Structures are given as structure tokens and as C-alpha cells.
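**Student:** Quick note on numbering: the sequence shown equals residues 253 to 620 in the UniProt record's numbering.
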Amino acid sequence: EKAGYDWFMRKEIYEQPEAVANTLLGRYDVDGALRLDQMSIAASELKRIDKIVVIACGTASYAGLVAKYAIEHWTRIPCEVELASEFRYRDPIVGPTTLVVAISQSGETADTLMAIRHAREQRARVVAICNTNGSTIPRESDGVIYTHAGPEIGVASTKGFLTQLVACYLLGLYLAQVRGTLFGDEVERLMAELEQMPDTLRGMLENQDQVLKLASDFSDNPSVLFLGRHVGYPVALEGALKLKELAYIHAEGFAAGELKHGPIALIEDRLPVFVVVPPRGRDLLHDKVVSNIQEVRARGAFTVVLAEEDDDEVSPYADVLIGLPKVSTLLQPLLAIVPLQLFACELATLKGHDVDQPRNLAKSVTVE
Ligand code: F6R
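1) DSSP puts residue 303 in a beta bridge; with which residues?
2) Taking its Cβ as the centre, do 16 or more other Cβ atoms sit within 10 Å of residue 614, making it buried, or is it exposed?
3) In chain order, which continuous runs of the beta strand (DSSP E) of length 3 or greater are located wholly inside the region 422-487?
4) Using the DSSP secondary-structure output, state which residues sit across from residue 585 in a beta bridge.
5) State the start and end residues of the unbroken beta strand (DSSP E) segment that holds residue 555.
6) Output yes or no for whether 8 Å exceeds the beta carbon distance between residue 276 and residue 477.
7) Here's a check: name, in chain order, each residue in its chain whose Cβ is nearer than 8 Å to the Cβ of residue 426, leaving out the five neighbours to either side.
8) My assumption, with CB atoms under 8 Å, is that residue 474 sits in contact with residue 501. Please give the rounded CB distance.
9) Please report how far the alpha carbon of residue 612 lies from the alpha carbon of residue 490, in whole angstroms.
10) Would you mind working out which of 593, 548, 498 and 603 sits nearest residue 610, comparing C-alpha positions?
11) Confirm the yes/no value for this check: CB of residue 575, any heavy atom of the ligand F6R, distance under 7 Å.
12) Taking the alpha-carbon of residue 304 as reference, which of 316, 295 and 418 has the nearest alpha-carbon?
13) Taking 7 Å as the limit between beta carbons, can you name the residues of its chain near residue 340, skipping five residues before and five after?
14) First and last residue of the alpha helix (DSSP H) that includes residue 545?
15) If you follow the beta strand (DSSP E) that residue 610 is part of, which residue opens it and which one closes it?
16) Is the beta carbon of residue 280 less than 8 Å from the beta carbon of residue 486?
17) Determine, using beta carbons only, whether residue 576 and residue 587 come nearer to each other than 8 Å.
18) Report the residue from 511, 259, 255 and 253 whose alpha carbon sits nearest the alpha carbon of residue 593.
19) Grouping DSSP H, G and I as helix and E and B as strand, with all else coil, what is residue 309?
20) Counting only runs of 4+ residues fully inside the region 381-408, write out the alpha helix (DSSP H) ranges in chain order.
21) Is residue 453 near residue 268, with beta carbons less than 8 Å apart?
22) Keeping to the same chain, check which residues put their C-beta closer than 6 Å to that of residue 538; ignore five residues upstream and five downstream.
23) How close, in whole Å, do the beta carbons of residue 312 and residue 265 come, if the pair is a contact with beta carbons under 8 Å?
24) Rounding to the nearest angstrom, what Cα-Cα distance links residue 363 and residue 619 in this structure?
25) For residue 356, which residues does DSSP report across the bridge?
26) Need the endpoints of the beta strand (DSSP E) that residue 574 sits in, please.
27) Within the chosen definition, does the region 375-392 reach the region 551-565 through at least 3 CB pairs nearer than 8 Å?
28) With a 10 Å radius around its C-beta and 16 neighbouring C-beta atoms as the bar for buried, classify residue 524 as buried or exposed.
29) If we ignore side chains and look at the alpha-carbon of each, how far apart do residue 608 and residue 386 end up?
30) Hey, how far is the Cα of residue 511 from the Cα of residue 484?
31) Considering Cα atoms alone, identify which of 328, 584, 319 and 306 is closest to residue 345.
32) Would you say the beta carbon of residue 376 is closer than 7 Å to some non-hydrogen atom of the ligand F6R?
33) Less than 7 Å between C-beta atoms, sequence neighbours within five positions excluded: which residues of the same chain meet that for residue 395?
34) CB of residue 617 to nearest heavy atom of the ligand F6R: below 7 Å?
35) Taking 7 Å as the cut-off, does the CB of residue 592 come closer than this to any heavy atom belonging to the ligand F6R?
36) Pick out whichever of 540, 549, 534 and 514 has its Cα sitting closest to the Cα of residue 526.
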């Protein structure tokens, strides 16, 4: 049932184009209106929402961080992201005009479930983003966006994460449409780009030899850092988490702008540093990340740079350049995470670990 792959995880990484396509299926009418069938929260109510709180754990919380950037940009509704395990113990401010978004692949994570129960007691509206039909979290929510990734068996989330991102984008665009916050053909343009993603991902997955080779070069390294800014920051966090849980290597993700506030002290000769570079655009984001790469490289880091494939501003500072297809900044996490997933999977394989069932971990964490 692993269809010729060594691990379910690797199979699930390669299933991502199809998983993304399935999550997008039937969401977009010919007349240009987004449809979220099981949203079940009336448009009139969504117009009154004045705050969004995304609640999740682990990988799902990183999808939530991306959601924050996209949702605030598209809808101008203040959006915060909180780890489910922190949420209910700090007397959070939520009420009838708060939309709580609970992201959970399994739909059974106890921390997330307890958090939404608490939110509903405060009369917040809850929408779940979930991959498991009929599981507890969507059952206890007002609405649900199912991710249709198919069963995820590998303990480490991969296609779960990508489809959570897609669902978050759909939610953001849907809210923007309901509230009329995006102008002209923005929704149409972004939807067209999303619909293109499965093909783009397929193309990328065919060309990952470089990353696999990198894993064999790094298999003895005790520590790896990941840097990113904007939506590249959650990608860095997720890349680091994959490496920790699968390869049992110390790995950390940082917001690149935080480097000089501390983490740069960690940089030493030959330390591998992965950097996610945003697409070149009108803002300064891209150039800022390029200077962060120069900073770590000047201190001896070995830089593995994920950037647009023809980005010649960054190539002089990359010891290894992993090319990413051109997409909008907000959608780039869908692509940038893929080489990092494969890197962790391969490295763990080379170290002889059980990739599908890493030590001390369970697929769904049903205790707080
Ligand atoms: C990491 C991973 C976990 C889960 C987290 C939440 O690879 O799989 O961090 O993302 O335990 O699980 P769900 O999404 O089922 O609530």
C-alpha cells in the first residue's frame, strides 16, 4: 500500500499535487464566486466579524501563521494565531464577533478541541479546517472546510500541511469576497494561481535530486538552522520541525530579521543555514532577506537558499541554490516547504530512523 515508496511519508509528499487539487475541487463557480459548502456561518454574520483567532498545534499552527499574513492582507480583519495549548489558560478575549479558526488534520487533537470548547463558551463562532470526516473538532464547530488530502499515515504531517494552507487561502479569499475587500480581479487571479499549483508542484517533485544529495552531505551535522521572513518564516519553522521529529537533529527556525537580536551568535563555520527567499517584488522584503544571507555567510555559514529559479541577485551568496517556480509571495509556502520535507525524510532514512513512526510521537495527540 506504499505504492513502491519506502515510507508512507515519502508517498504522501509525492501525493501533494493531487491532494491540493482535491482541496480546491468544486470551490469556485463559473460566475467567479467562491463556494465553501459547509461553512454554515451566514454572510451577514461574517460581515460583522471584527477579529479572527487561529488555533492549532505543531505543523497546523504554522499553516495558521501563513493564514494570518494572507487573511489580514486580503480582508483587513485583525487575525492572531495561537497555540491551542496556550489559548484557554490565559483568559483570551473572544466573543460573538470573533471568528475562531481551528486547524487540525486529525480533528481529534485534545488541545485544539479544548480550545474551541472554551471559545464557544464565550459565544465565538468556530470554523474548523480538518482532514478527517466526522471527527470531533468539526462536529463541535459551526462550520468546516475539509481538506480532502486523503488519509495521512506518516506521523509527520506533509500533505496535511499543504492542504491546510490551501484551505486557509480559500477561507481568506472567501471572507474577502463576502466583505468586498479585494479589488478588481484579485480573487480570480489568486484562484487561477492556486488552480495552477498542482501542476507546478508536480514539476517540482520531479526535480529534487539536489535536495536528496544534500541530505547525504549533511547526515552527520549536529545542528541546522532555517531562516525566513513574512510567510517564509512559518516555512522555516516547519522545515525545522520536520528535521527535529524525523532526523532527531537539533534544528531551529528563525525570522530572518531577528538574527541580529540573538541567533546570529549561533553561526559558526560550516553550519548549514537554509534560507527561504521571497519572490522579487515591489517591496523590500526580497532584498532584506538577501542581506540576511550575506550576514550569515560572512560568518562562515553554509547557505542553502530557496529562491526563484532565476534569482541572480541571490545566487552569488548561495552555496546551494534550490530553485522555486515563480508565484505570488503569499502562496510561496506551498512550494518552498516541499524541498524541506524531502530533505528531512531523506536525512532520517539515511540515519536509519523509522520515518513513518518517529520515536516518542503519536499521529493524533488525544490528551492535553
Ligand atoms: C508534525 C505534526 C504535528 C501535528 C500536530 C497537530 O509533523 O504532525 O505537529 O501537526 O500534532 O495535529 P492535528 O493537525 O491533527 O491537530
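Cβ atoms here follow ideal geometry from the backbone N, Cα and C, with glycine treated the same way. Quick caveat: nothing in here was measured; it's all calculated off a predicted structure.
**Tutor:** Here's the rundown:
1) Answer is 350, bridged to residue 303.
2) With fewer than 16 Cβ atoms within 10 Å of its Cβ, residue 614 is classed as exposed.
3) Listed in chain order, the complete beta strand (DSSP E) runs (minimum 3 residues) inside the region 422-487 are 475-480.
4) Residue 585 is not bridged to any residue.
5) Element bounds for residue 555: 554-560.
6) Taking C-beta atoms as the reference points, residue 276 and residue 477 fail to come closer than 8 Å.
7) Cβ within range, chain order: 286, 288 and 291.
8) Right, their Cβ atoms sit about 7 Å apart.
9) Distance between the alpha carbons of residue 612 and residue 490 is about 19 Å.
10) The option with the nearest alpha carbon to residue 610 is 498.
11) Taking non-hydrogen atoms of the ligand F6R into account, the C-beta of residue 575 is found less than 7 Å away from none of them.
12) Nearest option by C-alpha distance: 316.
13) Within the same chain, residue 340 has close Cβ partners 366, 367 and 370.
14) Run containing residue 545: 537-550, per the alpha helix (DSSP H) assignment.
15) Counting along the chain, residue 610 falls outside any beta strand (DSSP E), and DSSP gives it neither H nor E.
16) No, they are not a contact pair.
17) Yes; because the gap between Cβ atoms is below 8 Å, this pair is in contact.
18) If you compare the alpha carbons of 511, 259, 255 and 253 with that of residue 593, the shortest gap goes to 259.
19) Residue state, collapsed to three classes: coil.
20) Runs of the alpha helix (DSSP H) lying entirely within the region 381-408 and spanning at least 4 residues, in chain order: 388-391.
21) A distance below 8 Å separates the beta carbons of residue 453 and residue 268.
22) Around residue 538, the same chain offers 530 and 532 as residues with beta carbons nearer than 6 Å, after the five sequence neighbours per side are excluded.
23) About 17 Å separates the two Cβ atoms, so there is no contact after all.
24) Looking at the two C-alpha atoms, the distance is approximately 7 Å.
25) BP columns for residue 356 point to 382.
26) 572-576 is the span of the beta strand (DSSP E), which, as asked, contains residue 574.
27) Below 8 Å, too few C-beta pairs join the region 375-392 and the region 551-565 to call them touching: fewer than three.
28) Taking all protein chains shown into account, residue 524 has 16 or more neighbouring C-beta atoms within 10 Å of its C-beta and is therefore buried.
29) Taking the straight line from one Cα to the other gives about 25 Å.
30) Rounded to whole angstroms, the separation of the alpha carbons of residue 484 and residue 511 is 14 Å.
31) Residue nearest to residue 345 within the set 328, 584, 319 and 306 is 306 (criterion: CA-CA distance).
32) Placement of the Cβ of residue 376 at a distance of 7 Å or more from every heavy atom of the ligand F6R is found.
33) Setting aside the 5 residues that flank it on each side, residue 395 is surrounded in the same chain by 290, 291, 292, 293 and 379, each with a C-beta closer than 7 Å to its C-beta; the list follows chain order.
34) In terms of side-chain proximity, the C-beta atom of residue 617 is found nearer than 7 Å to a non-hydrogen atom of the ligand F6R.
35) Checking the Cβ of residue 592 against the ligand F6R gives no.
36) Proximity to residue 526 across 540, 549, 534 and 514 peaks at 549, based on C-alpha coordinates.
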